[in-house]
Amino acid sequence: MHPIRLALALGLLVASTAQAEDQVRANAGGVQAQADADGITVQLVNRDDGPWLSVENRGETGTVHCRGRNVSVSGKRNQITLQGDCPFIEVSGDENELQIESVGEISLSGDDNRLSWQRSSRGSAPAVGDDGDGNRVERSAD
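When we follow the numbering used here, the leftmost residue of the sequence shown carries the number 60, and every step to the right adds one.
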């Protein structure tokens with residue numbers, strides 16, 4: 060796909076996570092788009108396995124709509140609500156708090172993160188890999 064068309068498509072995907080009054084930016088060269096939605100900055104980054112939603116900032120609070128996309132959190136001290144189905148969530152940042160509606164797999168390499176999930180899209184509980192220290196992953200009370 061042509062880089063500009065791909066960037067525009069990525070921009071539309073990120074825009075779908077944002078409200079009408081939010082800012083959306085796209086970068087055709089880096090095939091990356093960014094949206095400021097509900098108090099949190101989310102980037103849509105193209106990886107080998109498809110587009111990922113990425114939160115890299117510090118101290119933000121807000122809601123991200125996964126809509127079937129994978130999520131990466133590398134920031135610190137964020138409070139994030141992930142709505143919809145998030146097939147794979149990786150957390151390499153520290154001291155983040157995530158409230159997750161639906162997840163299939165979680166990978167933790169950061170420290171002191173708190174993740175609470177409502178539903179697993181992969182059986183009774185999501186698969187969890189934890190290479191960090193002091194992380195807590197638990198099912199939330201409905």
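For every residue, glycine included, the Cβ atom is placed at its ideal position computed from N, Cα and C.
Inter-stretch contact (C-beta, 8 Å, three-pair minimum) for the region 167–179 and the region 114–129: no
For N172, the first and last residue of its enclosing beta strand (DSSP E): Segment: none, N172 is in no beta strand (DSSP E) and carries neither H nor E.
CA nearest to the CA of P185, picked from R106, E154, E197 and G191: E197
Residues bridged to Q177 (per DSSP): DSSP, once it has assigned bridges, lists no residue as partnering Q177.
C-alpha gap between I148 and G121, whole angstroms: 16 Å
Which residues DSSP lists as bridging N129, in chain order: W111
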